[in-house]
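*Asks:* Just dropping this structure here.
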Amino acid sequence: MVSAKEKIPKHNLYIFGHSLDITDRDVLRLFICNDNVQTKIFYYRENEEDKRTLGRLIKNLIQIIGQEELIKRTGGLHKTIEFIPQAIS
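Residue 22 in the numbering used here sits at position 22 of the sequence shown; the count goes up by one each step and never skips.
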């Protein structure tokens with residue numbers, strides 16, 4: 001058991017250019033659903049209004065971790081998942 005004085009280390013998971021496909025579910029779920037892991041998902045977009053890639057990533061992530069888990073981890077005070085658009089050239 002971990003005492004209150006001991007801190008559990010936080011880890012960062014950076015995902016670049018990955019489709020978050022269901023075939024990688026077991027591995028991705030293990031990391032993304034860990035409360036000690038902050039997940040940053042970087043994605044490409046054609047322009048500032050382009051939401052297609054973000055929509056696909058969200059859809060795929062729901063298949064991996066479920067809708068309730070995604071809502072829990074992307075909202076509220078203790079967010080552990082963040083979607084970050086890549087810079088537009």
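Virtual Cβ for every residue (Gly too), placed ideally from N, Cα, C. Everything numeric in this text was worked out from a predicted model, so none of it was measured.
1. So, are the CB atoms of N36 and H18 less than 8 Å apart?
2. Identify every run of the alpha helix (DSSP H) within the stretch 12-59, keeping only runs that are complete inside it and at least 4 residues long; order them along the chain.
3. Judging by CA-CA distance, which residue of F16, T53, R25 is the nearest neighbour of T39?
4. Just tell me which of K79, I84, R25 has its CA closest to the CA of N60.
5. Report buried or exposed for T80, applying the criterion of at least 16 other Cβ atoms within 10 angstroms of its Cβ.
*Replies:* Inspection of the coordinates gives the following:
1. No, the pair does not count as a contact, with Cβ atoms beyond the cut-off.
2. Taken in chain order, the unbroken stretches of alpha helix (DSSP H) that lie wholly in the stretch 12-59 and span 4 residues or more are 25-32.
3. The residue with the shortest Cα to Cα distance from T39 is F16.
4. For N60, the closest C-alpha among the options K79, I84, R25 is that of R25.
5. Looking at its Cβ environment, which holds 16 or more other Cβ atoms inside 10 Å, T80 is buried.
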